[in-house]
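Participant:
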Amino acid sequence: MLGGQTALITGAGSGIGRALALEGAQRGVTLFLVGRRPEKLRETRRLMSRHAIARPIVADISKPDGRLLIRDTILRHTGLLHLLVNNAGQFARRALADMRDAEVGNMVDVNLVAPMLLIRDLLPLLERSAPSRIVNIGSMYGDIAYPEISVYSATKFGLRGLSDALRRELAARKIAVTYVAPRATRTDAMKPFANTFEKEGVKIDGPDFVANWIWNAVEKRQRTAYSPTFERVFVALQRVAPSLIDRSLGSRPANKPKRRRRWRRIQATAEWRAARSAYDENKPNAEALFHSLVEKYPDEPDPHGFLGNIYYHSGHFSEAARHYHAAAVQLLKQGNREHAASIISLISRIDPALADTLRS
Ligand SMILES: NC(=O)c1ccc[n+]([C@@H]2O[C@H](COP(=O)([O-])OP(=O)(O)OC[C@H]3O[C@@H](n4cnc5c(N)ncnc54)[C@H](OP(=O)(O)O)[C@@H]3O)[C@@H](O)[C@H]2O)c1
């Protein structure tokens, strides 16, 4: 469906931009690859098949002459632009108080102002090629504003707002807009922070996986596309109960462990729901998901209880008793005596002596 279309991808020399370029080439898209480092763009080109059509443009999108060069190069070659993918971006995880003027300014320039101006400058080409589409690469942090990622979050909130407004502004000119929000992805930008994120339990995707679902969303002409992972639950929660996210992420130095516990609970519940859906949909990996949940969250009763049910109904009674027991212990710790009592009564059908130890 995308074959034969022309796309410009900013930041195509590395990370998500490179993966988008490689996947785009495979889908038959004619590409303009933009970035400041020529060798990185050449490397992206080299990774493509010989038959791919991909032209590097060495340009800085935050500079007027860089944007002019981009426009003139397209005019000289195809004169058409069906897809403008605003991907180039900067990331930093640092408290606002520790950021210098230039750092804040550069990030806002590259992540937000440059895409605005590039869209403006390329509008005539997009209009001439209509129906066409602007694809803005945002982030989960464009919905969930994370402490110490404030400037980055603000730029992605801005990009999301820009996408909504332009979708309405440009509809009559047959220029559509897709806003895309990946979760953390293993790229150069993420490298210095990956360890810290992983210690906090943040999951990190590979860029190829991300590029694949982004192109699928573009092909389906979606207005927005969020990472197809459990973080979507947090985005929904942010919309309906933002104070819950405030309480989990907000800084309360004297109360840090409690905050972390709450965040962990929210995360556990989200993953638990994903596993339940997999089970309800008969997905083959559902049982493995429950096992990984009990390993990751041994103090959460629900996954244990559910595994208990699975084993009970398949006649593996000693395994069932083991998981029911773990669930009951956690429920008692949480003071949920009523729910604990119902699980203890299940245990008593299998192993009355074990049930008695919990009653005492
Ligand atoms: N990695 C993640 O966890 C993650 C998650 C969600 C969303 N995102 C978003 O995905 C996009 C790509 O990020 P990434 O992680 O793939 O980062 P990356 O590997 O650092 O890639 C960013 C690219 O942007 C280019 N670039 C930066 N400033 C530029 C400028 N002024 N003009 C032209 N090109 C410029 C860089 O190339 P040159 O230096 O050669 O110019 C680089 O190739 C960003 O918008 C980011 O916010 C990333």
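Under my numbering, residues 1 to 360 are what the sequence shown spells out, in order.
Yeah, the Cβ is synthetic: ideal placement off N, Cα and C, and Gly gets one too.
What did DSSP end up calling arginine 67 once you bin it into helix, strand or coil?
Facilitator: If DSSP states are grouped into helix, strand and coil, arginine 67 belongs with the helices.
Participant: Within the 8 Å Cβ cut-off, does lysine 156 reach chain C?
Facilitator: You won't find chain C in this structure, because it holds only one protein chain.
Participant: If you draw a straight line from the C-alpha of aspartate 164 to the C-alpha of threonine 178, how long is it?
Facilitator: Looking at the two C-alpha atoms, the distance is approximately 9 Å.
Participant: Could you spell out where the alpha helix (DSSP H) holding asparagine 216 opens and where it closes?
Facilitator: Run containing asparagine 216: 207-219, per the alpha helix (DSSP H) assignment.
Participant: Within 10 Å of its beta-carbon, does aspartate 356 have 16 or more other beta-carbons around it, so buried, or fewer, so exposed?
Facilitator: So aspartate 356 counts as exposed.
Participant: Give the single residue among Asn216, Phe91, Asp60 whose Cα lies nearest to the Cα of leucine 2.
Facilitator: Residue Asn216 is the option with its Cα nearest to leucine 2.
Participant: Give me the Cα-Cα distance between arginine 232 and leucine 112, rounded to the nearest whole angstrom.
Facilitator: When rounded, the distance between both Cα atoms is 23 Å.
Participant: Identify every residue that forms a DSSP beta bridge with arginine 133.
Facilitator: Paired residue(s): Leu83, Ala176.
Participant: Using the Cβ count rule (16 or more neighbours within 10 Å means buried), how would you classify histidine 325?
Facilitator: Buried.
Participant: Got a sec, what are the start and stop residues for the beta strand (DSSP E) valine 34 sits in?
Facilitator: Valine 34 -> beta strand (DSSP E) spans 30-35.
Participant: May I ask you to verify whether the segment 80-89 touches the segment 120-129, counting CB pairs closer than 8 Å and requiring at least 3?
Facilitator: Flag = yes, the segment 80-89 and the segment 120-129 touch.
Participant: If you measure from the CB of phenylalanine 91, is any heavy atom of ligand 1 nearer than 7 Å?
Facilitator: True, at least one ligand heavy atom lies under 7 Å from that Cβ.
Participant: Is proline 301 helix, strand or coil when you go by DSSP?
Facilitator: Three-state DSSP puts proline 301 in a helix.
Participant: Do you know offhand how far serine 227's Cα is from phenylalanine 209's?
Facilitator: Going by the C-alpha atoms only, they are around 10 Å apart.
Participant: To the nearest angstrom, how far is the alpha carbon of phenylalanine 306 from that of leucine 332?
Facilitator: So the alpha carbons of these two residues sit roughly 17 Å apart.
Participant: Out of curiosity, what's the CA-to-CA distance linking isoleucine 118 and serine 62?
Facilitator: Contrary to the premise, residue 118 reads as leucine rather than isoleucine in this sequence. Approximately 9 Å between the Cα atoms of the pair.
Participant: For lysine 40, which residues in the same chain have their Cβ closer than 6 Å to its Cβ, ignoring the five residues on either side in sequence?
Facilitator: Taken in chain order, the residues that qualify are Gly13, Ser14.
Participant: With a threshold of 16 other CB atoms inside 10 Å of the CB of alanine 241, please say whether the residue is buried or exposed.
Facilitator: Alanine 241 is exposed by the Cβ-count criterion.
Participant: Which residue marks the beginning of the beta strand (DSSP E) containing proline 56, and which one marks its end?
Facilitator: Counting along the chain, the beta strand (DSSP E) containing proline 56 begins and ends at 54-58.
Participant: Residues in its own chain within less than 7 Å of aspartate 423 by CB, not counting five upstream and five downstream?
Facilitator: With the chain running from 1 to 360 in the structure shown, residue 423 is simply not present.
Participant: If you follow the beta strand (DSSP E) that isoleucine 245 is in, where does it begin and where does it stop?
Facilitator: Here isoleucine 245 belongs to no beta strand (DSSP E); instead the alpha helix (DSSP H) covers 242-249.
Participant: Per DSSP, threonine 196 forms a beta bridge with which residues?
Facilitator: BP columns for threonine 196 are empty, so no partner.
Participant: Give the straight-line distance between the Cα atoms of alanine 327 and alanine 270, rounded to the nearest whole angstrom.
Facilitator: Taking the straight line joining both Cα atoms gives about 18 Å.
Participant: Should valine 134 and isoleucine 175 be called a contact, given that it needs their Cβ atoms to be closer than 8 Å?
Facilitator: The question names valine, but residue 134 is isoleucine in the sequence shown. Yes; because the gap between Cβ atoms is below 8 Å, this pair is in contact.
Participant: Under 8 Å by Cβ, that's how I've got alanine 52 and alanine 95 pegged, so tell me the actual separation to the nearest angstrom.
Facilitator: No, alanine 52 and alanine 95 are not in contact; Cβ-Cβ is about 43 Å, not under 8 Å.
Participant: What three-state label does DSSP hand leucine 8 in the structure shown?
Facilitator: Here leucine 8 sits in strand by DSSP.
Participant: Which one or two residues does DSSP pair with threonine 224 in a beta bridge?
Facilitator: Its beta-bridge partners are Tyr179.
Participant: Residues in its own chain within less than 6 Å of glutamine 330 by CB, not counting five upstream and five downstream?
Facilitator: Once the five neighbours on either side are set aside, the close Cβ partners of glutamine 330 are Asp299, Pro301.
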